[in-house]
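For reference, the structure discussed in these notes is given below.
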Ligand SMILES: Cc1cc2nc3c(=O)[nH]c(=O)nc-3n(C[C@H](O)[C@H](O)[C@H](O)COP(=O)(O)OP(=O)(O)OC[C@H]3O[C@@H](n4cnc5c(N)ncnc54)[C@H](O)[C@@H]3O)c2cc1C
């Protein structure tokens with residue numbers, strides 16, 4: 054049986070996503086959302102995974118309804134630039150999965166194994182998977198009707214506009230919205246939250262509470278004492294500086310760019326009205342003012358464009374669900390934004406919670422299983438992000454040396470890396486560990502091959518005739534022919550605006 058009433062503290066993207074999902078799945082539940090306009094929202098977070106599409110599908114909202122308002126664009130993946138320095142590997146594309154992968158991923162895996170074994174065969178991910186080619190050609194992810202192969206995609210969007218759009222949807226559908234600042238959390242003797250108490254003395258009671266108060270984690274951590282497990286040991290970045298630029302010539306791309314910098318990396322996120330840029334760095338290795346100057350230099354911006362500095366707290370709660378409270382969004386944890394997974398975790402958390410309660414009610418065993426599954430998801434995604442830094446060959450600054458040389462890795466990641474570097478079957482290892490639900494075998498191959506983690510070119514030998522290597526000409530023709538079926542990204546965006 055689900056709770057009869059839920060009060061959500063926080064009206065950032067996480068709070069409003071949660072409100073929409075609960076309202077849709079449990080229409081009989083009374084949902085109230087409290088936020089303080091004086092505190093405001095973090096207002097960054099402009100890239101998503103395909104789960105954002107799943108979210109809008111789940112709440113029954115079409116792209117034509119929300120995308121134009123949020124200045125949104127399509128995203129087929131992330132192009133990693135300047136992380137490697139190895140000849141031929143100065144960039145690679147990490148694509149979202151596509152139905153066409155079944156035709157080419159096997160050959161990609163095979164080629165990487167040959168090259169890891171010292172044979173001079175092509176094993177760059179971009180030669181095998183379609184989305185990078187679509188991005189290069191400024192094509193969008195939707196094909197003509199006679200080419201029925203789905204390419205998964207996410208979006209880029211203005212975080213403020215998505216929040217305000219979701220607020221409109223939620224309130225139209227019956228969610229109560231209150232603008233008030235909460236000063237205190239009343240906890241009853243059994244350890245549950247009894248009420249939220251506002252600065253003006255107003256008390257808000259509910260059966261269940263969602264803490265979506267951002268990095269403050271006001272209910273779950275401050276009042277209920279949930280333990281935060283920091284990831285600083287192997288994820289070094291703790292800060293960001295953000296600055297917009299104009300839309301690139303030729304219109305927005307349908308890919309995020311993640312470009313390595315002296316002490317971190319910067320994103321370039323194309324929206325329809327501007328490009329979002331942010332340098333994510335470790336303040337242990339660079340001063341925020343120097344990071345700002347480095348970003349200005351990279352973007353060719355003078356001092357007239359305002360920069361915004363942010364602090365990030367990377368880690369996760371030991372228990373996202375504690376007593377009668379579920380933490381959602383930044384209050385439950387944050388992995389730095391390299392793979393833009395934060396909103397993806399919001400969806401997984403709320404949908405997972407709803408499914409768990411529908412199955413097993415609000416009992417402790419359900420809660421324990423839910424917390425354990427969520428913890429595994431965080432660690433699975435964390436490992437994939439750590440692997441970027443640990444295996445990127447760049448070593449030009451102390452930051453890149455130390456992110457690559459420490460050994461504070463989970464056993465799971467150690468086993469993945471061992472499988473790769475000892476020439477074992479990586480797809481089998483990913484399947485054996487059951488970690489493909491976080492990142493599948495193609496993603497792991499892209500990461501490890503994309504940085505050029507192979508024997509030095511000088512040591513590679515021509516493959517003997519009896520070793521069957523992929524026919525690269527045929528693959529290139531196949532992908533080029535597939536790409537011809539996809540519409541230009543600009544056309545897809547224009548069609549959305551016309552539908553408005
Ligand atoms: C540098 C950076 C880059 C990021 N990039 C991405 C990305 O590309 N993709 C992605 O998915 N995510 C990204 N994120 C994460 C993303 O920004 C957040 O997950 C998302 O914005 C949701 O935030 P939130 O709703 O949890 O918190 P917030 O937006 O901080 O909202 C907190 C809410 O709680 C309210 N509140 C707090 N205290 C009180 C109180 N006492 N009384 C009343 N109300 C209160 C506030 O008013 C606000 O409404 C990024 C984060 C950072 C820091």
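Numbering (our numbering), first residue to last: 54 to 553. For each residue, glycine too, the CB sits at the ideal point set by N, CA and C.
Contact fails between the region 267-276 and the region 405-416, because fewer than three Cβ pairs, one in each stretch, are under 8 Å apart. The straight-line gap separating the alpha-carbon atoms of residue 382 and residue 509 is approximately 43 Å. If you check the CB distance, residue 535 and residue 183 come in under 7 Å. Residue 311 counts as buried, since at least 16 other C-beta atoms from the protein chains shown sit within 10 angstroms of its C-beta.
Between ligand 1 and the CB of residue 95, the shortest heavy atom gap is smaller than 6 Å.
Within its own chain, the residues whose Cβ lies closer than 7 Å to the Cβ of residue 420, once the five positions on either side in sequence are excluded, are 374, listed in chain order. Using a Cβ-Cβ distance cut-off of 8 Å, the region 453-468 and the region 434-443 are in contact, since at least three pairs of beta carbons, one from each stretch, lie closer than that value. For residue 498, the enclosing alpha helix (DSSP H) stretches over residues 494-503. A Cβ-Cβ separation of about 5 Å places residue 209 in contact with residue 128 under the 8 Å criterion.
Assignment of residue 449 by DSSP, reduced to helix, strand and coil, places it in the coil class. For residue 390, the shortest C-beta to heavy atom distance toward ligand 1 is below 6 Å. Rounded to whole angstroms, the separation of the alpha carbons of residue 96 and residue 213 is 6 Å.
Taken atom to atom, the span from the alpha-carbon of residue 269 to that of residue 261 is near 19 Å.
By the CB criterion at 7 Å, residue 482 and residue 472 fall inside the cutoff. Counting only the Cα atoms, residue 57 lies some 51 Å from residue 352. Measuring C-alpha to C-alpha distances from residue 396 to each of 105, 486, 475, 64 identifies 105 as the nearest. DSSP places residue 214 inside the alpha helix (DSSP H), whose first and last residues are 212-225. The way I'd put it, the region 223-241 doesn't touch the region 191-199; fewer than three beta-carbon pairs between them come closer than 8 Å.
Of the other Cβ atoms in all chains shown, fewer than 16 fall within 10 Å of the Cβ of residue 537; this residue is therefore exposed.
Counting every other CB atom within 10 Å of its CB across the protein chains shown gives residue 192 a total of 16 or more, marking it as buried.
Taking 6 Å as the cut-off, the C-beta of residue 296 does not count as close to any heavy atom of ligand 1.
The nearest non-hydrogen atom of ligand 1 is less than 6 Å from the C-beta of residue 234. Shown here, residue 461 sits in coil according to DSSP, grouped into three states, outside any helix or strand.
Look at the beta carbons and you see the region 296-304 not touching the region 72-91: under three pairs across the two are nearer than 8 Å.
Contact between residue 147 and residue 523 does not hold, since their C-beta atoms are separated by about 20 Å, which reaches or exceeds 8 Å. Linking residue 179 to residue 185 through their CA atoms gives a straight-line distance of about 6 Å.
The C-beta separation of residue 64 from residue 220 comes to about 7 Å, placing the pair in contact by the 8 Å criterion. Measuring C-alpha to C-alpha distances from residue 475 to each of 290, 445, 506, 114 identifies 506 as the nearest.
For residue 88, the Cβ falls inside the 6 Å cut-off from some heavy atom of ligand 1. Each of 247, 66, 339, 150 was checked against the Cα of residue 289, and the nearest Cα belongs to 339.
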